[in-house]
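Remember, the working numbering sits 68 above the position in the sequence shown when you count from 1. Backbone N, C-alpha and C fix where the C-beta goes; we use that ideal spot for every residue, glycine too.
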Amino acid sequence: MAEALAWQSRPLEVMYPVVFFDALRVKIRDDGVVSNKAVYLALGIQADGQRDVLGLWIEQTEGAKFWLKVFNELKARGCQDILIAVVDGLKGLAEAIGTAYPRTTVQTCIVHLIRNSLEYASWKDRKAIAQALRPIYTAASAQAAQQALQAFVGGPLGRQVPDHRAVLGSAPGSTSRRSSRLRRRFDGSFTRPMPSRA
Numbered sequence: 069m070a071e072a073l074a075w076q077s078r079p080l081e082v083m084y085p086v087v088f089f090d091a092l093r094v095k096i097r098d099d100g101v102v103s104n105k106a107v108y109l110a111l112g113i114q115a116d117g118q119r120d121v122l123g124l125w126i127e128q129t130e131g132a133k134f135w136l137k138v139f140n141e142l143k144a145r146g147c148q149d150i151l152i153a154v155v156d157g158l159k160g161l162a163e164a165i166g167t168a169y170p171r172t173t174v175q176t177c178i179v180h181l182i183r184n185s186l187e188y189a190s191w192k193d194r195k196a197i198a199q200a201l202r203p204i205y206t207a208a209s210a211q212a213a214q215q216a217l218q219a220f221v222g223g224p225l226g227r228q229v230p231d232h233r234a235v236l237g238s239a240p241g242s243t244s245r246r247s248s249r250l251r252r253r254f255d256g257s258f259t260r261p262m263p264s265r266a
């Protein structure tokens, strides 16, 4: 147990280009009682591409309030900057990240965008819609993604299920805005001076 606690409190890199934040529901035995709990996970990607599990936390439920505690702990352990935080779209999560890391770009995970859009579809159309969405999120540029989105919305599946526009409508444009903001902030490279440890 001491080894696990030491790992959970170890110093972190000063900056991570990308960190994935997610929680999963698991059954955990606690004092002889099995209950569902949320396991929070932070997975950092270093500038050289190496992956690093920054930590695991267990809580009764997933919520933005607990995530803020996680972000503050990461800062206390030395992580002063995150370029892109990839999240699941939990209500209040982007604001919690903005509180701890105000310069971080928040990106909703593609898997969650697709899941959210499929909520509006009938069961028989889900596979076809998922395939029709693929050209949007695999596009080589924001312009190509916007064109693919327009083709989807104007096509039979897009016209049949217009609520997709609410879920995906801002994705290509917001991705483009995020990319522009990142380029302005970091000049397209990771060669800027790293923030110093406080």
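Ends of the beta strand (DSSP E) at residue i?
i	result
residue 105	101-113
residue 194	Taken as a continuous stretch (DSSP letters only), residue 194 belongs to no beta strand (DSSP E), being part of the alpha helix (DSSP H) at 194-205.
residue 175	173-176
residue 91	83-98
residue 72	Where residue 72 is concerned, there is no enclosing beta strand (DSSP E), although the alpha helix (DSSP H) it sits in stretches over 70-76.
residue 125	119-127
residue 149	149-155
Within 10 angstroms of its Cβ, does residue i collect 16 or more other Cβ (buried), or is it exposed?
i	result
residue 135	buried
residue 176	buried
residue 223	exposed
residue 101	exposed
residue 251	Low confidence applies here, because residue 251 scores a pLDDT of 48, under 50, leaving its location unreliable and the question unanswered by this model.
residue 96	exposed
residue 72	exposed
residue 173	buried
residue 160	exposed
residue 138	buried
residue 179	exposed
residue 197	buried
residue 106	buried
On the DSSP letters alone, give me the boundaries of the alpha helix (DSSP H) that residue i sits inside.
i	result
residue 135	132-144
residue 161	161-168
residue 222	210-222
Report all residues from its chain with a CB closer than 6 Å to the CB of residue i; omit the five preceding and five following residues, and keep chain order.
i	result
residue 123	76, 110
residue 169	150
residue 86	113, 152
residue 84	112, 150
Output needed for residue i: all residues of its chain with C-beta closer than 7 Å, excluding positions within five of it in sequence on either side, in chain order.
i	result
residue 90	109, 156
residue 203	216
residue 225	193, 196, 197, 200
residue 164	132, 135, 136, 139
Could you name the residues of the same chain whose beta carbon sits closer than 8 Å to that of residue i, not counting the 5 residues immediately before and after it, in chain order?
i	result
residue 69	none
*May I ask you to verify whether the stretch 140-147 touches the stretch 78-85, counting CB pairs closer than 8 Å and requiring at least 3?*
yes
_With a threshold of 8 Å, are at least 3 pairs of Cβ atoms found where one atom belongs to the stretch 180-191 and the other to the stretch 114-129?_
no
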